[in-house]
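FYI, the numbering for the sequence shown is 1 to 299, going by full-length UniProt numbering. Quick reminder that beta carbons are idealized off the backbone N, C-alpha and C, glycines included. In this text, all values refer to a predicted model and were calculated from it rather than measured experimentally. A short write-up of the structure that comes next.
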Amino acid sequence: MSESIPESEASFAAAADERTAMLSLSLAQMEVAASTDVGMRRSQNEDFYLYHYRLEHLETPLGTSVQAKGLFVLCDGMGGHARGEIASLEAARVFKQQVEAEWTTELPSREVLRAAALTANQALFDLNQAAAVSGSDRMGTTLVAILLQGTKVAIIHVGDSRAYRYSRLTGLDQLTRDHEVGQLAIAQGVDPDVAYARPEAHQLTQALGPRNNDWLDPEVRFLEVREDTVFLLCSDGLSDFDLVEEIADTHVAPLLQTRTSLQFGIQQLIEAANEAGGHDNITVVAVRLRLRPQLGPVI
């Protein structure tokens with residue numbers, strides 16, 4: 001028989017969470033790690049990631065706070081004759097350039113982020129048109145990106161590369177919805193088991209490059225970090241077959257603890273994907289945020 005938490009303890013924990021939620025929170029620490037691996041079955045790595053961030057530490061008698069601004073991008077390329085490598089690199093480069101040109105003191109708007117993704121798509125589409133390639137030889141790529149400004153976060157994605165967050169209160173939370181046939185069928189009311197029994201279930205419904213902007217609908221969402229959190233960006237070499245969900249307790253939860261090396265932790269995630277078959281390239285970008293109550297005015 002399982003033991004229940006005494007009502008007094010549960011009430012105390014709930015009250016503590018409520019008090020924390022009422023406090024103004026500031027960033028105390030940010031750590032970043034990233035790694036990529038070709039996997040066990042591919043001869044070349046068509047994944048690409050980049051990140052660029054700036055930290056400013058503010059020291060006061062009340063403690064240390066951190067002003068952070070960062071862009072984290074992951075792309076999973078596709079296309080014949082190594083064109084996937086070109087697609088993922090070029091999409092990330094163009095997207096970063098477009099976003100940073102419009103990013104000042106606040107997170108870019110939904111419109112700015114979507115426009116940046118569309119510009120990256122057009123750049124790849126033009127390369128495909130110039131090369132006169134068709135079908136599976138056309139270069140393309142997924143894109144998932146996290147933008148961070150203090151405790152405010154924006155997420156944009158196209159394709160099936162994912163963003164997750166892990167925190168004490170939410171546990172593992174998938175922040176993106178795969179742009180693939182199976183998810184489209186589910187949105188139309190098909191039972192998930194039936195949707196993913198179809199052979200084309202994992203075929204992408206959106207990607208940067210193969211088609212013009214009329215076919216593209218990048219998804220954007222905004223959120224605010226309210227507790228210590230780890231964000232993960234990953235390609236489907238890690239996320240396929242619900243592997244992240246399966247190993248969340250053993251491999252993702254420890255990343256929340258500062259005593260765990262973030263770089264070591266993501267290498268463990270990559271090893272888990274390879275042990276599960278390593279069917280595709282595997283890329284992980286991790287951002288660990290620690291928060292503290294803001295006890296005084298912001299200077």
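Could you check what DSSP says for Q174 in three-state terms: helix, strand or coil? Taking the sequence shown and counting its residues from 1, the one referred to as residue 174 is at position 174. DSSP places Q174 in strand when its eight states are reduced to three.
Which stretch, first to last residue, makes up the beta strand (DSSP E) that contains Q149? As a working mapping, residue 149 is identified with position 149 in the sequence shown. That run of the beta strand (DSSP E) goes L143 to Q149.
Does the beta-carbon of H157 have 16 or more other beta-carbons within 10 angstroms, so that it is buried, or is it exposed? Position 157 of the sequence shown, counting from 1, holds the residue named residue 157. Buried is the call here.
Anyone know if the C-beta pair for S235 and S161 falls short of 7 Å? By one-based count along the sequence shown, residue 235 stands at place 235. By one-based count along the sequence shown, residue 161 stands at place 161. Yes. Within cutoff.
Would you say D47 and T142 are within 7 Å of each other, going by their C-beta atoms? Looking up residue 47 in the sequence shown gives position 47. Looking up residue 142 in the sequence shown gives position 142. No.
Compare the beta carbon distance of R288 and E56 with 7 Å and say whether it is the shorter of the two. By 1-based counting over the sequence shown, the position of residue 288 is 288. By 1-based counting over the sequence shown, the position of residue 56 is 56. No, the Cβ-Cβ distance between R288 and E56 is not below 7 Å.
Helix, strand or coil for Q129? Go by DSSP, reduced to three states. The count along the sequence shown starts at 1 and reaches residue 129 at position 129. If DSSP states are grouped into helix, strand and coil, Q129 belongs with the helices.
Secondary structure at S26, three-state DSSP: helix, strand or coil? Position 26 of the sequence shown, counted from the start, is the residue given in the question as residue 26. Three-state DSSP puts S26 in a strand.
I need the straight-line Cα distance from L291 to G265, nearest angstrom please. Residue numbering aside, residue 291 sits at position 291 when the sequence shown is read from its first letter. Residue numbering aside, residue 265 sits at position 265 when the sequence shown is read from its first letter. Rounded to the nearest angstrom, the two C-alpha atoms are 20 Å apart.
For the beta strand (DSSP E) holding Q97, just list the boundary residues, first then last. Your numbering for residue 97 matches position 97 in the sequence shown. In this chain, Q97 is not harboured by any beta strand (DSSP E); it is covered by the alpha helix (DSSP H) spanning R83 to E102.
Where S65 falls: helix, strand or coil (DSSP): Residue numbering aside, residue 65 sits at position 65 when the sequence shown is read from its first letter. S65: strand per DSSP, three-state reduction.
Beta-carbon spacing of V73, L58 below 7 Å: Numbered from its first residue, the sequence shown carries residue 73 at position 73. Numbered from its first residue, the sequence shown carries residue 58 at position 58. Cβ distance not < 7 Å, so V73 and L58 don't count as in contact.
In angstroms, rounded to a whole number, what distance separates the CA positions of D228 and L175? What you label residue 228 is simply residue 228 of the sequence shown in a count that begins at 1. What you label residue 175 is simply residue 175 of the sequence shown in a count that begins at 1. Distance between the alpha carbons of D228 and L175: 16 Å.
Determine the extent of the beta strand (DSSP E) in which E224 is found, giving its start and end residues. As a position in the sequence shown, residue 224 is number 224, starting the count at 1. That run of the beta strand (DSSP E) goes E219 to E224.
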